[in-house]
Amino acid sequence: MKFFLKRKKNIRLNTEARGDLALLEKADVIVTGTFEGDIRIQSELTVEKGAAIRGRISAENVIVKGKISGDVYAVEGVRLRPGGELRGDVKASLLLVERGACFWGKCEIMQQSAQVKKETQMTPGETAQFLQIDVDTLIELAENKKIPASHGDNGAWFFDRIDLERWISENNLTSSSVAAGTEVQAG
57 MKFFLKRKKN IRLNTEARGD LALLEKADVI VTGTFEGDIR IQSELTVEKG
107 AAIRGRISAE NVIVKGKISG DVYAVEGVRL RPGGELRGDV KASLLLVERG
157 ACFWGKCEIM QQSAQVKKET QMTPGETAQF LQIDVDTLIE LAENKKIPAS
207 HGDNGAWFFD RIDLERWISE NNLTSSSVAA GTEVQAG
């Protein structure tokens, strides 16, 4: 299952570092070492297994496979993978805690801003590719209200990636179960 779309630029922090990190351009940050200080980026932060961050984080998306001690603000979402640990408060549009991950803190789920909603909106073609199904199957699922979808002013279907990710997670779905036309109803 795809969770966040990947970007081309990556910055890898594979050492022990201290200070504050603020990036002005969009570049994903992958931490494989230890970092002490605040991080402010406009894209995705991944804390790999064995890595640790102590400080506040502000990012578009945060994926935790290692350890974070500090508050996290994510415009889109936070995902704790198996073995990941987060000690701190989370403010995000989506929080996913997978089996084997640990979260200690408070969580505030925020409504997506109109700008974020626009950026996460997908066409039927993009959605079919995201879910790894064909467009005809996707439209059939949408028409039967088996998948989160909306009609635009012109009657065309559109889909929100974050709503789809939440739906997939809440229903423990895989792309094969979506393609099979699962009996789960869209919320």
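In our numbering, the protein residues as written are 57 to 243.
The beta carbon of each residue, even a glycine, is placed where N, CA and C say it ideally should be.
These figures come from a predicted structure and were not determined experimentally.
- Between the segment 144-163 and the segment 191-207, the count of Cβ pairs shorter than 8 Å is below three; the stretches do not touch.
- Ranking Arg110, Arg222, Gln188, Gly144 by CA distance to the CA of Leu150 puts Arg222 first.
- If you draw a straight line from the Cα of Asp190 to the Cα of Trp213, it comes to about 14 Å.
- Taking C-alpha positions only, Gly106 is separated from Gly139 by approximately 9 Å.
- Secondary structure note for Arg217: its alpha helix (DSSP H) is the uninterrupted segment 217-226.
- Short of 6 Å from the beta carbon of Thr90, and not among the five residues preceding or following it, lie these beta carbons of its own chain, in chain order: Glu72, Ala108.
- According to DSSP, Ile86 shares a beta bridge with Arg68, Thr102.
- For Ala107, no beta strand (DSSP E) run applies, since DSSP gives it neither H nor E.
- For Gln188, the three-state secondary structure derived from DSSP is coil.
- Counted as a single uninterrupted DSSP element, the beta strand (DSSP E) harbouring Ala148 occupies residues 146-153.
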